[in-house]
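Colleague: Below: one structure in structure tokens.
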Amino acid sequence: MSKRNPLYDFKWCPGCGDFGVKVAIEQALAQRTAERGDSIEKTVIVAGIGCSGNLVHLQEGPQPFGIHGIHGRTLPVAYGIKSGRPDLNVLVVSGDGDFLSIGAEHIGPQARRNLDVTVVVMDNGIYGLTKGQASPTTNVDVVTSTTRYGKLDEKMNPYLFFLGAGVGYLNSQMSSRVKDLAAAIKAAMDYPGFSIVHVQSPCTTYNDTYALLKGDEKQGIEPLAFPIPDSHDAGDLIAAVNLVRTNRIPIGQIYRREGESVPGHERLARAKVNAGVGQASVEELLTGMLITA
283 MSKRNPLYDF KWCPGCGDFG VKVAIEQALA QRTAERGDSI EKTVIVAGIG CSGNLVHLQE
343 GPQPFGIHGI HGRTLPVAYG IKSGRPDLNV LVVSGDGDFL SIGAEHIGPQ ARRNLDVTVV
403 VMDNGIYGLT KGQASPTTNV DVVTSTTRYG KLDEKMNPYL FFLGAGVGYL NSQMSSRVKD
463 LAAAIKAAMD YPGFSIVHVQ SPCTTYNDTY ALLKGDEKQG IEPLAFPIPD SHDAGDLIAA
523 VNLVRTNRIP IGQIYRREGE SVPGHERLAR AKVNAGVGQA SVEELLTGML ITA
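The numbering of the sequence shown is the working numbering, which starts it at 283 and goes up by one.
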């Protein structure tokens with residue numbers, strides 16, 4: 283939390299995994315802007331509703347532009363920004379409830395459009411902001427305020443879902459491994475298409491999974507998370523699917539599609555050129571919506 287700029291103090295619980303994600307995003311953006319010679323204002327962060335929404339405000343000093351939108355609708359907002367301003371770096375921050383429940387319907391269309399948008403999903407397996415309801419990634423039998431007899435439906439496998447939807451770049455990380463997470467986010471932003479970094483970001487208040495993820499030899503708990511072997515071919519979709527067909531959590535680059543599709547914003551630009559369509563001004567767009575008597 284900031285000691286110099288209290289306006290951007292983050293209202294997260296002590297130990298929240300999102301603190302690590304915040305630092306990793308800051309590091310990834312700093313490296314990206316330095317390499318490209320861009321200003322931080324060339325990045326737009328889009329957030330939905332949830333604890334992850336605090337990440338609209340990041341660094342002390344110069345800030346990325348940010349839009350704190352409505353629940354589950356981060357991707358449609360990101361579509362519009364990238365389509366209208368393809369020169370901007372668009373970064374979506376979301377949680378498992380926001381992105382994989384009400385927002386899940388937008389993942390497939392975005393994957394097919396393949397706009398150059400990066401999503402960082404903070405998965406804590408719970409609705410944290412609304413005080414502990416079961417989410418799509420809550421484990422079976424876990425008791426929450428909405429599952430008094432334990433969660434009955436199976437836990438969602440987000441990795442299989444993303445790959446099945448056609449996501450071109452998929453990486454899995456843990457919020458406690460800030461250096462690796464920053465590198466993964468940077469690589470995702472550099473990927474020319476739709477990319478997702480799925481982060482295990484435990485909620486210390488309502489669903490503390492730190493011990494499960496890391497394991498505890500004294501208590502006989504095997505680590506739920508495991509490093510992806512160096513032998514894994516991230517360019518092979520079948521290999522990626524086989525890797526994630528498990529109840530455990532792979533850590534590392536799962537999939538990276540190369541040379542098969544053109545990013546959607548580039549296809550849109552070409553279509554406009556071919557159709558002789560230019561960029562309309564805001565005034566022209568508003569005038570076109572006026573209703574005259």
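We put the beta carbon where it would ideally sit given N, CA and C, even for glycine. Every value quoted in this text rests on a predicted model; they were computed, and no experiment measured them.
Quick check on the burial criterion: 16 or more other C-beta atoms within 10 angstroms. Buried or exposed for MET283?
Modeller: Confidence in MET283 is poor, its pLDDT being 39 and thus under 50, which makes the residue's placement unreliable; the coordinate value appears in the next sentence. So MET283 counts as exposed.
Colleague: Is the beta carbon of PRO358 less than 8 Å from the beta carbon of HIS388?
Modeller: yes
Colleague: Using a threshold of 8 Å, state whether the C-beta atoms of SER457 and SER483 are closer than that.
Modeller: yes
Colleague: Which word fits GLN501, buried or exposed, when buried means at least 16 other C-beta atoms lie within 10 angstroms of its C-beta?
Modeller: exposed
Colleague: Compare the beta carbon distance of TYR451 and ALA470 with 8 Å and say whether it is the shorter of the two.
Modeller: yes
Colleague: Between which two residues does the alpha helix (DSSP H) harbouring ALA312 extend?
Modeller: Counting along the chain, the unbroken alpha helix (DSSP H) around ALA312 starts and ends at 300 to 318.
Colleague: Decide if LYS285 is buried, meaning its Cβ has at least 16 other Cβ atoms within 10 Å, or exposed.
Modeller: At LYS285, the pLDDT of 49 sits below 50, so the modelled position is not reliable; the number obtained from the coordinates is stated separately. It is exposed - the Cβ of LYS285 has fewer than 16 other Cβ atoms within 10 Å.
Colleague: DSSP three-state label for VAL481, please.
Modeller: Correct three-state label for VAL481: strand.
Colleague: Taking ARG538 as part of the beta strand (DSSP E), name the residues at either end of that continuous run.
Modeller: 531 to 538
Colleague: Roughly how many angstroms lie between the CA atoms of ALA386 and HIS353, to the nearest whole one?
Modeller: Roughly 11 Å separates the two Cα atoms.
Colleague: Give a yes or no on whether the C-beta atoms belonging to PRO511 and ILE533 are separated by under 8 Å.
Modeller: no
Colleague: Would you tell me roughly how many angstroms separate the C-alpha atoms of TYR290 and GLY335, rounded to the nearest one?
Modeller: The predicted model places TYR290 with a pLDDT of 47, which falls under 50 and marks its position as unreliable; any figure quoted below should be read in that light. Cα-Cα distance, rounded: 13 Å.
Colleague: Beta-carbon within less than 8 Å of ALA493's beta-carbon, same chain only, minus the 5 sequence neighbours each way: which residues are those?
Modeller: GLN501, ILE503
Colleague: For LYS437, which residues in the same chain have their Cβ closer than 7 Å to its Cβ, ignoring the five residues on either side in sequence?
Modeller: THR419, THR420, ASN421, VAL422
Colleague: Count the other CB atoms, across all protein chains shown, that sit within 10 Å of the CB of ASP435; report buried if there are 16 or more and exposed otherwise.
Modeller: exposed
Colleague: Residues in its own chain within less than 7 Å of ARG394 by CB, not counting five upstream and five downstream?
Modeller: Leaving aside the five residues that flank ARG394 on each side, the residues in its chain whose CB is nearer than 7 Å to its CB run, in chain order, GLY448.
Colleague: Tell me whether VAL526 sits in a helix, a strand or coil according to DSSP, three-state version.
Modeller: Reduced to three states, the DSSP call for VAL526 is helix.
Colleague: Just reading off the beta strand (DSSP E) that MET456 is part of, what are its end residues?
Modeller: 451 to 456
Colleague: State the start and end residues of the unbroken beta strand (DSSP E) segment that holds MET404.
Modeller: 399 to 405
Colleague: Roughly how many angstroms separate the alpha carbons of ASN287 and VAL328, rounded to a whole number?
Modeller: Here the model assigns ASN287 a pLDDT of 47, short of 50, so the residue's position is not dependable and the matter cannot be decided.
Colleague: Helix, strand or coil: which one does DSSP assign to LEU289?
Modeller: Annotation note: pLDDT 43 at LEU289 (below 50); position unreliable, no value reported.
Colleague: Tell me, please, which residues DSSP counts as bridged to GLY348.
Modeller: Its beta-bridge partners are ILE327.
Colleague: Under DSSP, the beta strand (DSSP E) around LEU506 begins and ends at which residues?
Modeller: Where LEU506 is concerned, there is no enclosing beta strand (DSSP E), given that its DSSP letter is neither H nor E.
Colleague: Could you name the residues that DSSP lists as bridge partners for LEU373?
Modeller: ILE327, THR400
Colleague: Thinking THR528 and GLY407 are a contact (beta carbons under 8 Å), I'd like their distance in whole angstroms, please.
Modeller: Incorrect: roughly 16 Å between the Cβ atoms, too far for contact.
Colleague: Going by Cα to Cα distance, which pick from VAL526, GLY414, ILE573, VAL479 is closest to GLY446?
Modeller: VAL526
Colleague: Take TYR473 and list the residues in its own chain whose beta-carbon comes closer than 6 Å to its own, dropping the five residues that flank it on each side.
Modeller: TYR451
Colleague: Where does the unbroken alpha helix (DSSP H) through TYR361 begin, and where does it stop?
Modeller: 356 to 366
Colleague: Have a look at PRO505 and GLN345 and give me their C-alpha separation to the nearest angstrom.
Modeller: 37 Å
Colleague: If you compare alpha carbons, which of GLY330, CYS333, ALA310 is closest to ILE322?
Modeller: ALA310
Colleague: What is the DSSP secondary structure of THR412, reduced to helix, strand or coil?
Modeller: coil
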